Amino acid sequence: GAVVSQHPSWVICKSGTSVKIECRSLDFQATTMFWYRQFPKQSLMLMATSNEGSKATYEQGVEKDKFLINHASLTLSTLTVTSAHPEDSSFYICSASLPRRFSLADTQYFGPGTRLTVL
Amino acid sequence: DAKTTQPPSMDCAEGRAANLPCNHSTISGNEYVYWYRQIHSQGPQYIIHGLKNNETNEMASLIITEDRKSSTLILPHATLRDTAVYYCIVNTGGFKTIFGAGTRLFVKA
């Protein structure tokens with residue numbers, strides 16, 4: 555149980571285009587999902603917290619107009635990188651937490667990641 | 017939010033136990049200790065978590081000191097596939113999981 559998927563697993567795009575990444579919780583409903591970014595040889599950096607039916611909460615320094623997050627259902631959150639540039643090339647990872655009625659803790663289940671390369 | 021301190025890297029011989037330490041001296045009473053690992057180019061994987069008592073599951077054991085200021089993750093019989101970066105994280109209470117640098121574990125044949 556507690557499986558999270560991401561699509562696509564990798565994407566290459568031209569500078570200036572927009573890219574959408576999907577994150578799905580396959581066997582549970584996730585009221586909260588998270589988006590991370592990871593550069594080579596670095597740790598994961600939290601970008602934003604996505605709550606179903608409400609606006610995402612972005613971490614300091616993350617441009618909300620550049621990284622659009624939509625959490626329209628309890629099993630799907632999307633991250634759109636708008637007007638992508640080479641410096642946006644990174645490994646993007648989403649995660650979802652089980653609803654608290656199933657756990658007293660805040661265990662995160664992570665997707666396999668999406669590698670974005672902007673040319 | 018409590019922060020954690022981990023050694024940057026460790027080696028372990030295949031088949032031996034891997035003991036990964038973590039210091040979290042400013043942990044609050046209601047905060048959990050979590051361990052995740054990330055194998056190269058994959059998303060992190062949940063391993064185990066605990067509050068006060070020691071915990072064991074099919075992957076690992078978690079030993080938390082009585083004062084809760086440190087913990088140790090134990091992989092009882094490390095294999096080459098356990099080579100990964102291991103992250104010790106203290107729950108912030110706001111559903112956010114903040115990653116530190118972690119410990120890079122090398123399991124050698």
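So the sequence lines, in the order shown, correspond to chains A and B.
Sequential numbering from 555 applies to the first sequence in my numbering.
Sequential numbering from 17 applies to the second sequence in my numbering.
Ideal Cβ placement from N, Cα and C applies to all residues, glycine included.
For clarity, every value in this text was computed on a predicted model and none was experimentally measured.
> Below 8 angstroms, can you find three or more Cβ-Cβ pairs linking the region 621-641 of chain A to the region 92-100 of chain B?
Replying inline: Contact between the region 621-641 of chain A and the region 92-100 of chain B is absent, because fewer than three Cβ pairs lie under 8 angstroms.
> Got a sec: is the Cβ-Cβ distance from residue 598 of chain A to anything in chain B below 7 angstroms?
Replying inline: At least one chain B Cβ lies under 7 angstroms of residue 598 of chain A.
>> I'd like to confirm the pairing. Which residues does DSSP put opposite residue 605 of chain A in its beta bridges?
In response: In the DSSP output, where bridge partners are listed per residue, residue 605 of chain A has A/586.
> Using DSSP with H/G/I as helix, E/B as strand and the rest coil, what is residue 98 of chain B?
Replying inline: Reduced to three states, the DSSP call for residue 98 of chain B is helix.
> What whole-angstrom Cβ distance do residue 40 of chain B and residue 87 of chain B have, given they're in contact under 8 angstroms?
Replying inline: At roughly 7 angstroms, the Cβ-Cβ gap stays under 8 angstroms, so residue 40 of chain B and residue 87 of chain B are in contact.
> Helix, strand or coil: how does DSSP classify residue 74 of chain B here?
Replying inline: Three-state DSSP puts residue 74 of chain B in coil, outside helix and strand.
> For residue 38 of chain B, which residues of its own chain have a beta-carbon under 6 angstroms away from its beta-carbon, when the five flanking residues on both sides are left out?
Replying inline: If the five residues before and after residue 38 of chain B are omitted, its C-beta is found closer than 6 angstroms to the C-beta atoms of 20, 22, 87 and 104, all from its own chain and listed in chain order.
> Applying the criterion that 16 or more other CB atoms from any shown protein chain within 10 Å of the CB defines a buried residue, is residue 651 of chain A buried or exposed?
Replying inline: It counts as buried.
>> What would DSSP say about residue 27 of chain B, mapped onto helix, strand or coil?
In response: Strand at residue 27 of chain B.
> Name the residues in the region 661-673 of chain A whose C-beta lies less than 7 angstroms from a C-beta of chain B; which are they?
Replying inline: So the close ones are 661, 662, 663, 664, 665, 666 and 667.
> What separation, rounded to the nearest whole angstrom, lies between the Cα atoms of residue 74 of chain B and residue 630 of chain A?
Replying inline: Rounded to the nearest angstrom, the two C-alpha atoms are 30 angstroms apart.
> Under a three-way DSSP split, which group does residue 562 of chain A fall into?
Replying inline: Residue state, collapsed to three classes: coil.
>> Let me see if you follow: with CB-CB separation under 7 angstroms, is residue 115 of chain B close to chain A or not?
In response: Answer yes: the Cβ-Cβ gap between residue 115 of chain B and chain A drops below 7 angstroms somewhere.
>> Can you look up residue 37 of chain B in the DSSP assignment and give me helix, strand or coil?
In response: In the three-state scheme derived from DSSP, where H, G and I count as helix and E and B as strand, residue 37 of chain B is classed as strand.
>> Quick check: the region 565-577 of chain A against the region 660-672 of chain A, are at least 3 beta-carbon pairs closer than 8 angstroms?
In response: Contact between the region 660-672 of chain A and the region 565-577 of chain A is present: 3 or more CB-CB pairs across the two stretches fall below 8 angstroms.
>> Can you check whether the C-beta of residue 60 of chain B is within less than 7 angstroms of a C-beta belonging to chain A?
In response: Nearest CB-CB separation between residue 60 of chain B and chain A: below the 7 angstroms threshold.
>> With the cut-off set at 7 angstroms, would you say residue 101 of chain B and residue 118 of chain B are in Cβ contact?
In response: Cβ distance < 7 angstroms, so residue 101 of chain B and residue 118 of chain B count as in contact.
> Does at least one heavy atom of the ligand MN sit under 6 angstroms from the Cβ of residue 641 of chain A?
Replying inline: With respect to small molecules bound, the structure shown includes none, and the ligand MN cannot be examined in it.
>> Going by DSSP in three states, residue 576 of chain A sits in which element: helix, strand or coil?
In response: For residue 576 of chain A, the secondary structure class from DSSP, reduced to helix, strand or coil, is strand.
> Which one or two residues does DSSP pair with residue 66 of chain B in a beta bridge?
Replying inline: Beta-bridge partners assigned by DSSP to residue 66 of chain B: B/49.
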